[in-house]
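The structure appears below as structure tokens.
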Amino acid sequence: MKQWFRLPNSANRSLYYTTRILFLFVIIAFIVNQLLTMFIFVSCLVILLLHSYYLKVAGNQLHVVSIKEKNFLIIDDEDRWKIILINKGMPIFRASLKITFEASVIPSGIPYKINNGLVEATVPISIWKDQEKEIFIPVTAHKRGKSQIRELIVRIPHLFGSGHIDLMYQNQMHTHIFVYPERISVYIPDLDFKNKQGLQDVKTSLFNDTMNPIGIRNYIAGDPFQHIHWKASAKMQSLQSKEFSRVASRGWMIIMNISEHYSVNARLEEMIAQTAFMIDYALKKEIPFSLAVNIRTSGKTPYYYLNEGQGQKHRQAALELLTILSFSSLSFPTVQMLSHLKNEDLPTVIIYSGSKNMGIQHQLMNLSITGRSIYEVENIHGKGVLRQWKQKKMAL
Numbered sequence: 002m003k004q005w006f007r008l009p010n011s012a013n014r015s016l017y018y019t020t021r022i023l024f025l026f027v028i029i030a031f032i033v034n035q036l037l038t039m040f041i042f043v044s045c046l047v048i049l050l051l052h053s054y055y056l057k058v059a060g061n062q063l064h065v066v067s068i069k070e071k072n073f074l075i076i077d078d079e080d081r082w083k084i085i086l087i088n089k090g091m092p093i094f095r096a097s098l099k100i101t102f103e104a105s106v107i108p109s110g111i112p113y114k115i116n117n118g119l120v121e122a123t124v125p126i127s128i129w130k131d132q133e134k135e136i137f138i139p140v141t142a143h144k145r146g147k148s149q150i151r152e153l154i155v156r157i158p159h160l161f162g163s164g165h166i167d168l169m170y171q172n173q174m175h176t177h178i179f180v181y182p183e184r185i186s187v188y189i190p191d192l193d194f195k196n197k198q199g200l201q202d203v204k205t206s207l208f209n210d211t212m213n214p215i216g217i218r219n220y221i222a223g224d225p226f227q228h229i230h231w232k233a234s235a236k237m238q239s240l241q242s243k244e245f246s247r248v249a250s251r252g253w254m255i256i257m258n259i260s261e262h263y264s265v266n267a268r269l270e271e272m273i274a275q276t277a278f279m280i281d282y283a284l285k286k287e288i289p290f291s292l293a294v295n296i297r298t299s300g301k302t303p304y305y306y307l308n309e310g311q312g313q314k315h316r317q318a319a320l321e322l323l324t325i326l327s328f329s330s331l332s333f334p335t336v337q338m339l340s341h342l343k344n345e346d347l348p349t350v351i352i353y354s355g356s357k358n359m360g361i362q363h364q365l366m367n368l369s370i371t372g373r374s375i376y377e378v379e380n381i382h383g384k385g386v387l388r389q390w391k392q393k394k395m396a397l
């Protein structure tokens, strides 16, 4: 498949007709025996034919090297787009490369314009036959979002300065730049973790991690037979039992409702920034978390659901989603999402962010009945606070 599509150009069509007319004049000059005039017409015809040939073959063997790359920035960070061109055909001189991408990042040090949320920037290029050229376009993170190169157009002018040909790249570029959301702090008190089997160390837990013995102690009546440490018992000349670490579920389930009535919540950016803060907090405190957002997705789960996990990679997966949320995101009914989540193996702490109506309050009550502690993000005097959720009477 060809990488480039040659865009039609009215100037090139005019060149086609001009060539035919000059050829006719050459014939007429030859017939009337006007040799000097014929020589002038022939010279012009040769120039135009060379012109036409160059525009026809220039760029035919120009190739773009596909680069698969994801870069992650915070606002005001600097990065660059990297484009690798290989020219196996006719040399290209005084050409220009126009690149179009989302305005989450903006070019640094080169002119650009923004149309409908897309940045257009143009840089000059020249490339010889059999040359590989790397083109760098410096950018600065401007706002939260995902940016990808949407369009590449190479404009090749004629050597004599008249006419040009535009080549549009037909394949998809696989370089992405994610600009992470800003953070808005949320006051997070000591949360009420109910005793539930899990994998996190909790000294007050009722559950033991039988796969992780941490020592021995004197046997106590009622200790299971399989917990007796026979080698230690023989050495100590008294029965010894294995001691295990206490474990429980300390995970969070963060639920974001981006909808409000029939549109996206006007506080979307604030909600995203607060959720990003809580994700960072969970990473710092080594708290596993899962994330559910009521935006439609294809697949088994009709809304976005990130299974419970922890660590840098898990944080990155969550922040990638927060990065691409927008006011154009297609929402999924929040009540249906909460009803579906009720059947999942949820942790004991659920954090809800977003607007609430009677149906949502009813579903949150159903979740609390199952023994979960429900918290909600509230704004008090302009600051985010995590508070225990309480059902409120809603106006009909």
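According to my numbering, the sequence shown is numbered sequentially starting from 2.
Note that beta-carbon positions come from the ideal geometry of N, C-alpha and C, so glycine has one too.
Going by the DSSP bridge assignment, what does I482 pair with across the sheet?
The question about residue 482 has no answer, for the chain in this structure spans 2 to 397.
Ordered along the chain, which non-local residues of its own chain (more than five positions away) have a Cβ less than 8 Å from that of Q149?
These residues qualify, in order along the chain: F102, E103, M174, T176, H177, I178.
Looking only at its chain, what residues have a beta carbon closer than 6 Å to the beta carbon of P182, apart from the 5 residues adjacent to it on each side?
Closer than 6 Å at the Cβ level, and outside the excluded window around P182, lie R145, I273, A274, A277, L323.
What residues match up with K83 in a beta bridge as DSSP calls it?
Per DSSP, F137.
Once DSSP output is grouped into helix, strand and coil, what is the label at R316?
In this structure, R316 counts as helix in the three-state DSSP scheme.
Go ahead and label L153 buried or exposed: buried means 16 or more other beta carbons lie within 10 angstroms of its beta carbon, across all protein chains shown.
Classification of L153: buried, given that the 10 Å Cβ count is 16 or more.
Going residue by residue through the stretch 237-290, where are the continuous alpha helix (DSSP H) segments of at least 4 residues, counting only ones entirely within it?
Fully enclosed alpha helix (DSSP H) runs of 4 or longer: 269-285.
Just the C-alpha distance for D77 and T141, rounded to the nearest angstrom, thanks.
Cα to Cα, D77 sits roughly 6 Å from T141.
Look up P71 in the DSSP assignment and give the residues it is bridged to.
A small correction: the amino acid at residue 71 is Lys; Pro does not occupy that position in the sequence shown. Beta-bridge pairing links K71 to H177.
Between the beta-carbon of K343 and the beta-carbon of N308, is there less than 8 Å?
Going by C-beta atoms, K343 is not nearer than 8 Å to N308.
Looking at the secondary structure, which residues open and close the alpha helix (DSSP H) in which G360 lies?
Residues 359-370.
What did DSSP end up calling S340 once you bin it into helix, strand or coil?
Reduced to three states, the DSSP call for S340 is helix.
Tell me, which residues are paired with H64 by DSSP?
According to DSSP, H64 bridges with I87.
Quick check on this structure: which residue in E270, K236, G372, F31 has the alpha carbon closest to the alpha carbon of I351?
When only C-alpha atoms are compared, the closest one is G372.
Contact between the stretch 281-289 and the stretch 351-364 is defined here as three or more beta-carbon pairs at a separation below 8 Å; is this criterion met?
Judged by Cβ distances under 8 Å, the stretch 281-289 makes no contact with the stretch 351-364, as fewer than three pairs qualify.
So N258 and S109 are supposed to be a Cβ contact under 8 Å. How far apart are they, rounded?
With a Cβ gap of about 37 Å, N258 and S109 do not count as contacting.
Are I138 and S97 close, meaning C-beta to C-beta below 8 Å?
No. Outside cutoff.
Alpha carbon to alpha carbon, how far is I107 from S374?
So the two alpha carbons sit approximately 44 Å from each other.
When you compare only the Cα positions, how much space is there between F6 and A59?
Roughly 12 Å between the two C-alpha positions.
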